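Numbered by the working numbering, the letters in the sequence shown go through residues 1262 to 1358 in order.
Worksheet: one structure, shown below.
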Amino acid sequence: MSRRCELTAKGPQVGHKVSHSNHKTKRRFLPNLCNVTLISDTLGRSVRLRVSTNALKTVDHRGGLDAFLIKASADDLSPKAVELKRQIEKKKLAVAS
1262 MSRRCELTAK GPQVGHKVSH SNHKTKRRFL PNLCNVTLIS DTLGRSVRLR VSTNALKTVD
1322 HRGGLDAFLI KASADDLSPK AVELKRQIEK KKLAVAS
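Quick look at the structure:
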């Protein structure tokens, strides 16, 4: 399983571990990922995603999973999240008409 957030595409970064003697060795900075269950109001069901804690704060700030996905670009989302976004847009279009 890749260490990548399904909503923000946040992944590992590379940097240096710096010792007291200023000796630099390569290391990886991994994102803080959590397995969470988010509820889609439009679809009326819950969805399990692996997201970063930063993305959780953003989802809460934007007013829920549906609002986050509608505003997010498809390039940053995982294939699972893109499919969710498509289902939500389809359902909202059907309700509006």
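In this text, a Cβ means the ideal position worked out from N, Cα and C, and glycines have one as well.
None of these values were measured; they are calculated from a predicted model.
In terms of Cβ geometry, Arg1264 and Leu1291 form a close pair [threshold 9 Å].
Cβ-Cβ distances below 8 Å link Leu1317 to Cys1295, Val1297 in the same chain, with the five nearest sequence neighbours on each side left out; the list follows chain order.
Taking C-beta atoms under 8 Å as the contact rule, Ser1313 and Lys1271 qualify, at a distance of about 5 Å. Annotation for Ile1349: Ser1301, Thr1303, Leu1304, Asp1327, Leu1330, Ile1331 place their beta carbon closer than 8 Å to its own, counting only its chain and skipping 5 residues before and after. Around the CB of Thr1286, fewer than 16 other CB atoms lie within 10 Å, so the residue is classed as exposed. Judged by DSSP secondary structure, His1277 falls within the beta strand (DSSP E) whose first and last residues are 1274 to 1279. For Lys1271, the secondary structure class from DSSP, reduced to helix, strand or coil, is coil. DSSP, reduced to helix, strand and coil, places Thr1319 within a helical segment of the structure shown.
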